[in-house]
Structure formats: structure tokens, C-alpha cells
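J.:
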Amino acid sequence: MGKGWCLFFLFWPVAAVVSCAMAPMVGWSFPYDNAQAASNLGIRIDGLFYLILIVTAIVFVGTQAVLVYALWRGVNNREERATHIHGNHKLELIWSIIPGVILLFLALYQMNIWADFRIKKFYPEVAVKDPIAEVTARQFEWRFRYPAIGKKLQPKPQPDDLYTVNELHVPFGRPVMIQLRSDDVQHSFFLPALRIKQDALPGLQIPVWFEANKEGVYDLVCAELCGWGHYKMKAHVIVESEEDYQNYLKNLTQQQFYDGLGKIAANENDSESEATEK
Amino acid sequence: MSVVHPSPTGLQPILKPQAHHAPGNFITKYIFSTDHKIIAIQFLFTTLLMLIVGGALALAVRWQLAFPWESMPIVGPWLFSAEGGQISPEFYTMLFTMHATVMIFLVIIPILAGTFGNLLIPLMIGADDMAFPKLNMLSYWFMWPAIVCFGMSFTYAGGPAAGWTSYPILADLAQAAPGSGTAQTFWLLGVTFIGFSSMMGSINYMTTIINMRAPGMTFFRLPMTIWGLFITAILQAFALPVLTAGGFMQVTDRLLGTCFFYPSGLVINNAAPTVGGGQPLLWQHLFWFYSHPAVYIMLLPVMGMVSDMLSCMCRKPLFGYKPMIFSMSAIASLGFIVWGHHMYTSGMNPAVGMAFMVATMMIALPSAVKTFNWTATIWGGKVQFNTVTLNCIGFLSMFIVGGLSGIFMAAVPVDVYFHDTYFIVAHFHYVLFGATLFGVFGALHFWFPKMFGRLMNEKLGKTHFVLTFIGANGTFFPMHFLGMQGMPRRYADPYLHGYLEHLLPMNQFMTISAIVMGLAQILLFINIFYSMFFGPKAGRNPWHATTLEWTAASPPPHGNFDVTPIVFHGPNEYAVQNGDRDFLMQTEQECEPPVSQAPDAENQTDNADTDNEQESSS
Ligand code: HEM
Ligand SMILES: [Cu+2]
Ligand SMILES: [Cu+2]
Numbered sequence: 001m002g003k004g005w006c007l008f009f010l011f012w013p014v015a016a017v018v019s020c021a022m023a024p025m026v027g028w029s030f031p032y033d034n035a036q037a038a039s040n041l042g043i044r045i046d047g048l049f050y051l052i053l054i055v056t057a058i059v060f061v062g063t064q065a066v067l068v069y070a071l072w073r074g075v076n077n078r079e080e081r082a083t084h085i086h087g088n089h090k091l092e093l094i095w096s097i098i099p100g101v102i103l104l105f106l107a108l109y110q111m112n113i114w115a116d117f118r119i120k121k122f123y124p125e126v127a128v129k130d131p132i133a134e135v136t137a138r139q140f141e142w143r144f145r146y147p148a149i150g151k152k153l154q155p156k157p158q159p160d161d162l163y164t165v166n167e168l169h170v171p172f173g174r175p176v177m178i179q180l181r182s183d184d185v186q187h188s189f190f191l192p193a194l195r196i197k198q199d200a201l202p203g204l205q206i207p208v209w210f211e212a213n214k215e216g217v218y219d220l221v222c223a224e225l226c227g228w229g230h231y232k233m234k235a236h237v238i239v240e241s242e243e244d245y246q247n248y249l250k251n252l253t254q255q256q257f258y259d260g261l262g263k264i265a266a267n268e269n270d271s272e273s274e275a276t277e278k
Numbered sequence: 001m002s003v004v005h006p007s008p009t010g011l012q013p014i015l016k017p018q019a020h021h022a023p024g025n026f027i028t029k030y031i032f033s034t035d036h037k038i039i040a041i042q043f044l045f046t047t048l049l050m051l052i053v054g055g056a057l058a059l060a061v062r063w064q065l066a067f068p069w070e071s072m073p074i075v076g077p078w079l080f081s082a083e084g085g086q087i088s089p090e091f092y093t094m095l096f097t098m099h100a101t102v103m104i105f106l107v108i109i110p111i112l113a114g115t116f117g118n119l120l121i122p123l124m125i126g127a128d129d130m131a132f133p134k135l136n137m138l139s140y141w142f143m144w145p146a147i148v149c150f151g152m153s154f155t156y157a158g159g160p161a162a163g164w165t166s167y168p169i170l171a172d173l174a175q176a177a178p179g180s181g182t183a184q185t186f187w188l189l190g191v192t193f194i195g196f197s198s199m200m201g202s203i204n205y206m207t208t209i210i211n212m213r214a215p216g217m218t219f220f221r222l223p224m225t226i227w228g229l230f231i232t233a234i235l236q237a238f239a240l241p242v243l244t245a246g247g248f249m250q251v252t253d254r255l256l257g258t259c260f261f262y263p264s265g266l267v268i269n270n271a272a273p274t275v276g277g278g279q280p281l282l283w284q285h286l287f288w289f290y291s292h293p294a295v296y297i298m299l300l301p302v303m304g305m306v307s308d309m310l311s312c313m314c315r316k317p318l319f320g321y322k323p324m325i326f327s328m329s330a331i332a333s334l335g336f337i338v339w340g341h342h343m344y345t346s347g348m349n350p351a352v353g354m355a356f357m358v359a360t361m362m363i364a365l366p367s368a369v370k371t372f373n374w375t376a377t378i379w380g381g382k383v384q385f386n387t388v389t390l391n392c393i394g395f396l397s398m399f400i401v402g403g404l405s406g407i408f409m410a411a412v413p414v415d416v417y418f419h420d421t422y423f424i425v426a427h428f429h430y431v432l433f434g435a436t437l438f439g440v441f442g443a444l445h446f447w448f449p450k451m452f453g454r455l456m457n458e459k460l461g462k463t464h465f466v467l468t469f470i471g472a473n474g475t476f477f478p479m480h481f482l483g484m485q486g487m488p489r490r491y492a493d494p495y496l497h498g499y500l501e502h503l504l505p506m507n508q509f510m511t512i513s514a515i516v517m518g519l520a521q522i523l524l525f526i527n528i529f530y531s532m533f534f535g536p537k538a539g540r541n542p543w544h545a546t547t548l549e550w551t552a553a554s555p556p557p558h559g560n561f562d563v564t565p566i567v568f569h570g571p572n573e574y575a576v577q578n579g580d581r582d583f584l585m586q587t588e589q590e591c592e593p594p595v596s597q598a599p600d601a602e603n604q605t606d607n608a609d610t611d612n613e614q615e616s617s618s
């Protein structure tokens with residue numbers, strides 16, 4: 001019977017390893033069919049993830065194997081008494097120092113990624129100079145405010161700003177930055193495809209930058225409980241070429257300021273001058 | 001079952017005049033009792049009752065995730081006849097909020113500190129009772145106002161709606177959600193009451209352990225269980241006031257209009273902008289300053305108990321007794337400076353995130369050391385697969401998974417992706433459910449004879465273990481994959497989002513596993529109530545264990561010991577040569593050389609039955 005129990009405890013780590021190994025094949029891994037992250041930083045985050053996965057997998061297999069083996073030996077122990085031993089200094093030093101070194105390595109190794117992601121000093125300059133939009137979360141939708149074409153995003157809304165709800169367009173191939181805020185409760189700006197997540201805190205404006213590296217329509221969801229409708233803060237981020245992006249902004253301007261007579265009501269001079277330039 | 005009645009040999013009996021004095025009538029004996037053992041039993045039944053409540057709430061949450069918007073079986077039509085028995089998003093929010101609240105505040109914390117802390121501390125250190133028996137009684141009775149408050153919050157519109165973390169603004173301003181009104185105030189009051197209860201307990205435990213140890217019981221002779229409970233009590237005493245203060249601030253924000261946690265100018269539900277000047281991040285810091293240590297409050301006592309149980313069931317001294325104590329202390333002290341790892345995405349200063357990250361990585365180290373030490377304790381032992389052992393191994397194998405998934409989240413950049421997804425839910429269920437509850441089940445089987453004088457049924461116990469273990473892994477392991485695929489937690493309907501649509505079958509599988517696990521608990525309850533009355537009589541020391549509680553009668557009378565025990569050595573002396581036994585009680589003086597140094601020379605006679613001949617001195 002004791003051996004049966006050993007097999008019982010052996011089964012689970014094996015099942016865990018098998019299902020993890022299967023995961024990428026059956027689409028249980030990162031979203032969008034295990035696709036690589038759609039941002040360069042995201043790819044580095046994935047790299048760190050896989051590194052930790054390898055380390056933990058080795059530790060997991062090792063500890064579970066030793067555990068089951070120790071149990072196996074233990075039930076078959078024909079000695080009259082177990083070994084009388086209180087510890088072993090050398091052994092304990094070894095198994096404190098080795099994991100210590102590994103953990104310290106992991107801690108230092110990831111510093112760069114984190115710095116590039118969140119420490120303002122390391123933000124790409126182009127993105128910081130010219131935030132593309134202000135993202136305002138509220139119960140239960142995402143609102144976006146772009147500056148008028150050719151202008152810069154101002155902290156306060158401007159008369160010629162462009163607005164959309166639940167659909168954010170961004171160009172790929174260059175770092176962009178948004179200003180994240182919330183009107184009411186806490187929300188969290190979560191772009192799974194890009195491995196981006198940042199809480200929106202009422203009262204704060206938090207700059208978030210990312211660089212999408214391929215076209216696509218990605219889900220933008222809310223990751224911080226924000227009330228009963230939390231699950232339905234459904235929006236999309238449309239990553240498109242620079243050209244499509246500019247066209248989108250133009251169309252948006254036209255729609256928004258169409259005065260019903262075929263003219264662009266506000267901001268007329270700006271868009272005209274741009275048209276003549278081309 | 002052969003029973004040993006060891007006698008404290010070689011010492012002068014110190015007669016205790018108060019021993020066996022009869023406690024008054026039924027009310028003072030069983031209800032307003034000041035006897036730590038009765039209080040432990042009161043805690044036990046209350047927390048088990050709450051386990052049913054919390055489990056039912058969990059199953060309701062899982063029902064929604066497997067069969068979204070379908071009528072809830074059994075209770076649905078009765079609860080929401082208007083909506084056709086279907087769970088509303090508001091109700092779903094209430095469900096997971098209360099599930100977590102009940103499990104953490106009314107099950108895990110009180111079952112560890114309340115039940116096992118109360119039962120074991122005086123018994124294992126050789127004291128008659130707690131230092132402050134009346135305070136002890138109060139700490140149990142303060143659970144009830146908490147239960148009533150939590151119960152009240154169900155009855156107000158929406159129920160508490162902000163999750164067990166109670167983040168402002170959602171929890172702070174009544175207009176933020178239907179459930180953020182009076183229900184939330186009651187919820188906060190409930191947390192405050194349960195905080196009082198824990199606080200009284202922890203003061204009592206600290207005082208008792210420091211002052212009331214039996215002669216000879218030095219700190220480094222304390223059983224690991226006591227170390228776990230001791231360190232927990234210290235953690236509790238330092239961390240809890242911060243939560244209580246924070247909760248109080250939230251209550252004044254709600255009732256008196258102080259603005260600790262909300263800034264000015266919010267437009268909530270199209271209502272007028274708020275006045276303010278507060279900062280929601282402040283709450284997160286206060287909350288996690290308690291709630292991070294709290295996860296160790298929910299784990300350290302179990303670590304201690306498992307150390308003692310494993311050592312006994314493998315008939316081997318604990319491997320590395322002192323390193324185990326030091327790593328526990330390291331976990332506890334590091335536990336105080338890692339609260340920020342719950343806040344990597346919160347918008348706090350990112351440079352601080354790095355410091356939290358390094359500290360968090362380091363906390364993995366003592367946990368690893370503990371795991372290795374437990375494994376080494378099994379290594380070379382004589383393993384007996386009874387229910388206690390099985391649950392300890394269950395603890396160990398689930399703790400390994402939960403500990404390793406913690407490393408992903410300690411890594412800030414990776415946590416950015418996993419935070420608030422099901423990966424987190426997987427992680428803390430492996431630790432809280434997997435590790436803690438299996439440890440508790442093991443401890444219940446192990447100390448049940450001391451509580452009720454009878455042994456639990458092995459067949460039922462093993463079946464319960466197997467079904468729970470299968471159910472737990474089936475429920476919680478796939479959560480890692482849900483997290484990988486980016487499924488956020490606290491979603492009433494994840495399938496609304498294109499990239500999560502395909503997750504329904506996986507969620508259904510998990511729900512079925514959860515139901516199996518839920519049903520398995522019926523076996524536990526049958527076992528407890530059956531064995532309490534009809535289980536085989538246990539005798540003083542059914543497990544041939546070494547610590548002081550096993551020198552007392554089962555169950556021990558008021559005042560615990562016939563004579564004050566005197567302690568001669570550390571707690572886990574197994575595998576020694578001691579007459580015909582392989583263990584040495586802490587009260588036994590003679591210590592012959594261990595068998596490993598005197599091989600084969602010993603007699604081959606099987607002494608199992610002569611154990612019965614030994615008589616206790618009482
Ligand atoms: C029958 C066993 C259990 C099942 C099936 C279960 C299931 C669940 C589910 C489905 C959630 C909701 C996740 C979400 O949407 O965010 C949840 C949350 C949670 N559970 Fe459990 N659980 C069980 C036992 C426990 C235990 C024993 C604890 C002990 C402490 C616990 C603590 C929590 C906590 C803290 C949360 C977080 C709630 C939140 O999001 O605020 N659970 N559980
Ligand atoms: Cu939201
Ligand atoms: Cu939300």
C-alpha cells in the first residue's frame with residue numbers, strides 16, 4: 001500500500017510537467033495563440049518568464065523527485081529504527097547558498113527590464129516629448145483623448161482635441177506614450193498582447209509607454225476591480241502603420257468637427273495648411 | 001493500537017493542588033469557558049462552520065464561471081426569483097468578496113491561532129492554561145460580532161462590493177457601487193472585530209510562551225509548532241494595528257467625510273465632483289502592510305505543526321531544528337518589508353519596486369530551506385502512510401508549487417503581466433488552500449485524540465484526503481494556464497472578451513473538480529462527528545510522540561497535567577534507543593546512544609505489545 005501512495009504522489013508532478021509541456025501546443029500559453037508579445041519590451045519580459053520557468057521547472061522536478069524517492073525509501077525501510085540525525089551543516093550551507101545565488105542573479109538580471117519599463121529616466125525621449133493620447137478609465141469604459149493633428153497633448157482638454165471611446169489607435173514601430181488617469185475608482189490598463197499593465201489611480205496621471213511591433217487588433221481590459229461592471233470594460237487597441245494611423249486621425253477630425261455643411265468646423269486652418277503642404 | 005503511557009521518570013513530582021478541580025456548571029464549562037481546550041474546540045466548530053459557508057460561496061463563484069448567467073442550482077430560484085435564478089454581476093462581486101473574507105478572516109486565521117494555538121500552546125509548553133484565561137474567552141466571543149457584521153453586510157443592497165482588499169475609491173465612497181454603501185461599513189466593522197479577537201489571542205500567546213514554560217523548557221527546546229505560533233503572534237501584534245487604523249480611517253472617510261483615501265475632483269456615477277485631497281495609494285500601503293504578513297500568519301503555524309508531525313510520522317528528529325527556527329524568523333522579519341510586491345502595478349514610485357523585488361526574492365530563500373529540511377526529515381525515515389502523513393505530504397507538495405509560482409510574481413516585470421490574473425489566484429490557492437488546509441487537516445487528525453480522547457477513522461480520513469487532493473489540483477492547477485492566457489480575476493464573464501472566449505471548457509473542468517472537492521468535505525465532517533463519539537479510545541500517546549501534550553491524559557483535565565512536567569531535551573528525539581521504544585519523551589531524562597551508532601547488537605524481539613504493560617504514574 002505504501003508504494004501505491006508513492007505512485008499517487010508521483011502522478012501529480014508528472015501530470016503538471018506534461019500539461020505544462022503541452023500548454024504551448026494546445027494554446028494554453030500566452031494569449032493570441034501563444035503569439036510572441038507584440039512589443040519589444042514584452043518580448044524581453046517573455047524571455048525573463050521563460051528563464052524563470054526553466055529554473056523553477058528544474059527545482060520542481062528535482063524536489064518532487066527527491067520527495068517521492070524519500071517516501072519510497074521510507075516505506076520500505078526495514079531497519080528497526082530510522083536514522084538518528086539532527087542535521088548536517090555542510091548540506092544546509094549548500095542548499096542555502098545555491099538558491100541564494102540563483103535568486104540574487106534573477107533579482108539583478110531583471111532590473112534593466114523594469115527600469116526600461118517604468119523608471120521615467122529611461123523612457124524613450126520621443127515618446128515622452130509627445131504623448132499620443134490621454135486614457136481615462138471610468139465605470140465601465142475607456143475614454144481616449146488625442147491632441148489635434150500637429151499639436152501636442154495638453155494636460156487640460158482643448159477645444160480641438162479628438163475623442164473616442166473604447167477604441168485606441170496607435171502606430172507600430174515607434175515608442176508611444178499615453179497619459180493614464182481615472183475619473184472615478186481605480187482601474188487598471190491591461191494590454192495582454194503587449195504585456196503592459198498599469199493601474200489608473202484617481203488623482204494621479206501616470207505616463208505609460210510601449211512600442212508595438214506588429215499590426216493587429218488587441219484587447220484592452222481592466223485588471224483592477226472597479227465595480228460590478230468590471231468584467232465588461234471591453235476596448236480594443238488597434239495597432240496600425242504610421243500612415244493608417246495618421247489617416248485615422250484625419251478621419252476622426254473630420255467626423256468630429258463636421259458641421260453638416262461639408263466643412264470642418266473647428267481647427268480649419270490647421271488641417272488646410274497641412275493639406276496644402278502635401 | 002498499542003498505547004504507551006509514558007511516565008515522567010527521574011524527577012520529583014510537583015503536585016499541583018488545582019489539578020482536576022471541577023469546573024462549575026454547563027454554562028461555565030462549555031460556553032463561557034476559560035479553559036483553553038474548550039475554547040479551542042469552540043474555535044474549531046465555529047471555523048468549520050465558516051468553512052462550509054466559505055466553500056459554498058466558492059462553489060457559487062465557480063458555478064458562474066462554468067455556466068455563466070445560468071440559473072444557480074438549488075438556491076438560485078429561491079434567492080433571485082426575479083432574475084430567473086441567475087447570478088447578477090453585483091451578486092458575483094459580493095460572492096468572491098465574501099468568499100475571500102470568510103476564508104481568510106473566519107477560517108484560516110482563527111483555525112490556526114484560535115484552535116491549534118489555544119489547544120497546543122499550554123499543553124506543549126507544560127502550562128496549566130493561558131496566561132489570561134478570561135482574555136482568551138473574550139477572543140473567542142469577539143468572533144461573533146465579526147460574524148454578525150459580515151452577515152449583516154450580506155443583507156444590505158449589493159453586499160460589500162470591493163473585494164476583500166477593499167481598495168478605495170470603490171470601498172470608500174458609497175456612490176461608487178451599489179454595494180459600497182452600508183454593506184461596506186459593516187464589512188469594515190467585521191474586520192475590526194475579528195482584529196480585536198486576533199489581537200487578544202496574540203497578546204495571550206506571547207505572554208504565555210514567554211512566561212509559563214515548564215521548568216527546563218528553554219526556547220531552543222520548544223517544539224516547532226510553538227515556534228510557528230509564537231512568531232505568528234509577534235507578527236500579528238505588530239501588523240494588525242496598522243490594518244485596524246487603516247480600517248478606522250476608511251470608516252471615518254465613509255461616515256464623517258474625512259478624506260484620507262480619495263482625491264478631489266472625482267466624478268463618480270455622474271454625481272458631483274468630490275472634495276478630497278487624499279490618496280488611494282495610502283490605503284494600499286496600510287492594507288498590505290498587514291495583509292502581506294498575514295499570509296505568513298496563515299502559514300507559519302502550519303509550517304510548525306507539519307515539522308512536528310512529519311518528524312513523528314517518519315520516526316526521525318527534525319532535520320535542522322535551529323535552521324528551521326532561523327528561517328521562520330527570517331520569513332517573518334522579511335515579511336514586513338515586502339508588502340510592496342502587491343503594488344508593482346499600482347503607480348507607486350517604481351524605484352521602490354526594485355527594493356521590494358530584491359527583498360521578495362530573498363524571502364524565497366528561507367522558504368526553500370524549509371522545504372529542503374522537510375524533505376531531509378523524510379529521507380531515511382520510517383514512513384507510515386496514515387492520514388496525518390498523507391496530509392503532510394499534501395502540504396509539502398502543494399507548498400512547493402505555490403512557492404515556485406511565487407518566484408514569477410516576485411520578478412517585477414513578469415508580475416506586471418500576471419498581476420490580477422488567475423495566475424495569482426492559482427498561487428495563493430496553492431499556498432492557502434493547498435498548503436495551509438492540508439496542514440490543518442493533518443493537524444486535526446493528529447491532535448484529535450488529545451481534544452476528544454478518541455482517534456479518527458483512517459479509512460474515511462484517507463478517502464477524504466485523496467478526493468480533496470485530486471479536487472484541489474484539478475481546480476487550482478489549470479488556474480496557472482488561465483493566468484498565462486491573460487484571464488483577469490474577478491470577472492463575472494470573461495468570455496465577453498475575444499481573447500478569452502475559448503476558456504469556457506477549462507473553467508468547466510475546474511468547476512467539476514471544485515465540486516468533487518467540496519463534496520469530499522462531507523467525509524471530513526462525518527469523520528469528526530462519528531469519531532468524537534464512537535472512535536477508538538486513544539490513550540495518552542497514540543502516535544508515540546515526544547512532546548509534552550502526550551504526557552497528559554486524553555483529553556487532559558482542567559489544569560492539564562497531573563504533575564508539572566520537567567523538560568530535559570529538545571522536542572523531536574526519535575530513532576533513539578530507549579528501552580524498547582524508539583523515542584524519548586521530552587520529560588524523560590536518560591538518553592542512550594542513538595541506534596545508528598550501535599547497530600545490530602540490539603535484541604530482535606518485537607516489543608510492540610509490551611508497550612501496553614507500561615503504566616502511567618497518575
Ligand atoms: C473549495 C475550495 C475553494 C475554491 C473552489 C475557491 C475558488 C475561488 C474562486 C473561483 C475565486 C475567485 C477568483 C476571482 O474571480 O478573483 C476565489 C478567490 C479567493 N479565494 Fe478561494 N477557493 C477555495 C478555497 C479557498 C480557501 C481555503 C481560501 C483560504 C484562505 C481562499 C481564499 C481566496 C481568496 C483570498 C480569494 C481572492 C478573492 C478576491 O479576488 O478578492 N479560497 N476562490
Ligand atoms: Cu475598470
Ligand atoms: Cu475593472
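Those sequence lines, one after another, are chains L and V.
The first sequence: position 30 = 30 (the UniProt record's numbering), numbered continuously.
The second sequence: position 546 = 546 (the UniProt record's numbering), numbered continuously.
Where a beta carbon is used, it is the ideal one built from N, C-alpha and C, also for glycine.
Keep in mind that this is a model prediction, so the values were computed, not measured.
How big is the Cα-Cα spacing for Phe193/V and Gly380/V?
T.: Rounded to the nearest angstrom, the two C-alpha atoms are 47 Å apart.
J.: Quick one: what does DSSP say Thr389/V is sitting in, helix, strand or coil?
T.: Reduced to three states, the DSSP call for Thr389/V is helix.
J.: If you pair each beta-carbon of the stretch 281-289 of chain V with each one of the stretch 196-203 of chain V, do three or more pairs fall below 8 Å?
T.: Output reads no: the stretch 196-203 of chain V does not touch the stretch 281-289 of chain V.
J.: Residues in its own chain within less than 6 Å of Pro160/V by CB, not counting five upstream and five downstream?
T.: Taken in chain order, the residues that qualify are Thr97, Ser153, Gly179, Ala183, Gln184 and Trp187.
J.: Please report the Cβ distance between Trp227/V and Met130/V, rounded to the nearest whole angstrom; I am assuming they are in contact, meaning their Cβ atoms lie under 8 Å.
T.: At roughly 18 Å, the Cβ-Cβ gap does not stay under 8 Å, so Trp227/V and Met130/V are not in contact.
J.: Tell me the rounded alpha-carbon separation between residue 629/V and Gly406/V.
T.: Given that chain V is displayed from residue 1 to residue 618, the structure contains no residue 629/V and the question cannot be resolved.
J.: So, Tyr430/V versus Gly402/V, is the Cβ gap smaller than 8 Å?
T.: Taking 8 Å as the Cβ cut-off, Tyr430/V and Gly402/V qualify as a contacting pair.
J.: On a Cα-Cα basis, can you pick out the residue from Met451/V, Ile297/V, Phe465/V and Glu573/V that is closest to Glu549/V?
T.: Answer by Cα proximity: Met451/V.
J.: When you compare only the Cα positions, how much space is there between Ala70/L and Ile378/V?
T.: Taking the straight line joining both Cα atoms gives about 6 Å.
J.: Just the Cα atoms here: how many angstroms apart are Ala56/V and Pro73/V?
T.: Each residue's Cα considered, the two are about 12 Å apart.
J.: To which residues of the same chain is Ala271/V closer than 7 Å at the C-beta, ignoring the five residues directly before and after it?
T.: Gln175, listed in sequence order.
J.: Inspect the beta-carbon positions of Pro263/V and Pro202/L and report whether they are closer than 8 Å.
T.: Closer than 8 Å, so yes.
J.: Which same chain residues, not among the five before or five after Gly320/V, have their C-beta less than 6 Å away from its C-beta?
T.: Excluding positions up to five away in sequence, the list reads Asn373.
J.: Closer than 7 Å to a non-hydrogen atom of ligand 2 - does that hold for the CB of Ala176/V?
T.: False, no ligand heavy atom lies under 7 Å from that Cβ.
J.: Determine, for Phe423/V, whether the minimum Cβ-Cβ distance to residues of chain L falls below 8 Å.
T.: Judged by the 8 Å Cβ criterion, Phe423/V is not in contact with chain L.
J.: Short of 7 Å in beta carbon distance, which residues of its chain neighbour Tyr422/V, apart from the five on each side in sequence? Order them along the chain.
T.: Answer for Tyr422/V: Met479, Leu482, Gly483, Met487 and Arg489, listed in chain order.
J.: Assign Gln110/L to one of two classes, buried (16 or more other C-beta atoms within 10 Å of its C-beta) or exposed (fewer than that).
T.: Looking at its Cβ environment, which holds 16 or more other Cβ atoms inside 10 Å, Gln110/L is buried.
J.: How about Tyr417/V and Ile45/L: do their beta carbons lie closer than 8 Å?
T.: Cβ atoms of Tyr417/V and Ile45/L: closer than 8 Å.
J.: Using the Cβ count rule (16 or more neighbours within 10 Å means buried), how would you classify Ile268/V?
T.: By the 10 Å Cβ count, Ile268/V comes out buried.
J.: Expressed to the nearest angstrom, what Euclidean distance is found between the alpha-carbon atoms of Lys232/L and Phe140/L?
T.: Cα to Cα, Lys232/L sits roughly 7 Å from Phe140/L.
J.: Run down chain L in chain order and give the residues with a C-beta less than 8 Å from the C-beta of Arg490/V.
T.: Residues of chain L passing the Cβ test: Leu225, His230 and Tyr231.
J.: Where does Glu211/L land, buried or exposed, given buried means 16+ other C-beta within 10 angstroms?
T.: Buried, since its Cβ has 16 or more Cβ neighbours within 10 Å.
J.: If you reduce the DSSP assignment to three classes, tell me which class Leu119/V lands in.
T.: Correct three-state label for Leu119/V: helix.
J.: Note down, in chain order, every chain L residue with its Cβ under 8 Å from the Cβ of residue 620/V.
T.: This structure leaves residue 620/V out entirely; chain V is present only between 1 and 618.
J.: Cα-Cα, which of Val126/L, Tyr123/L, Gly4/L and Val165/L is closest to Glu134/L?
T.: The candidate whose alpha carbon is nearest that of Glu134/L is Val165/L.
J.: Note down the Cα distance separating Ile39/V from Thr101/V, rounded to an integer number of angstroms.
T.: If you take the alpha carbons of Ile39/V and Thr101/V, they lie about 22 Å apart.
J.: Name the chain V residues that come within less than 7 Å of Tyr32/L, Cβ to Cβ?
T.: Tyr499, listed in chain order.
J.: So which residues on chain V does Gln64/L lean against when the C-beta distance must stay under 8 Å?
T.: Result: Ser397 and Ile400.
J.: Check whether chain L comes within 8 Å of Ile104/V, counting only Cβ atoms and requiring the distance to be less than that.
T.: Ile104/V does not count as touching chain L.
J.: Just verifying my parser: in three-state terms, what is the DSSP assignment at Lys197/L?
T.: In this structure, Lys197/L counts as strand in the three-state DSSP scheme.
J.: Is the beta carbon of Ile178/L sitting closer than 8 Å to the one on Pro131/L?
T.: Yes, they are a contact pair.
J.: Between the stretch 211-224 of chain V and chain L, which residues of the former have CB atoms less than 8 Å from a CB of the latter, in chain order?
T.: Those residues of the stretch 211-224 of chain V that come within reach of chain L (Cβ to Cβ, closer than 8 Å) do not exist; the list is empty.
J.: Taking beta-carbon pairs under 8 Å, can you tell me which members of the stretch 91-107 of chain L lie near chain V?
T.: Listed by position, the residues of the stretch 91-107 of chain L near chain V (Cβ gap below 8 Å) are Leu91, Glu92, Trp95, Ser96, Pro99, Gly100, Leu103, Leu104, Leu106 and Ala107.
J.: Do you know how far the Cα of Leu191/L is from the Cα of Ala235/L?
T.: Approximately 10 Å, taken between the alpha carbons.
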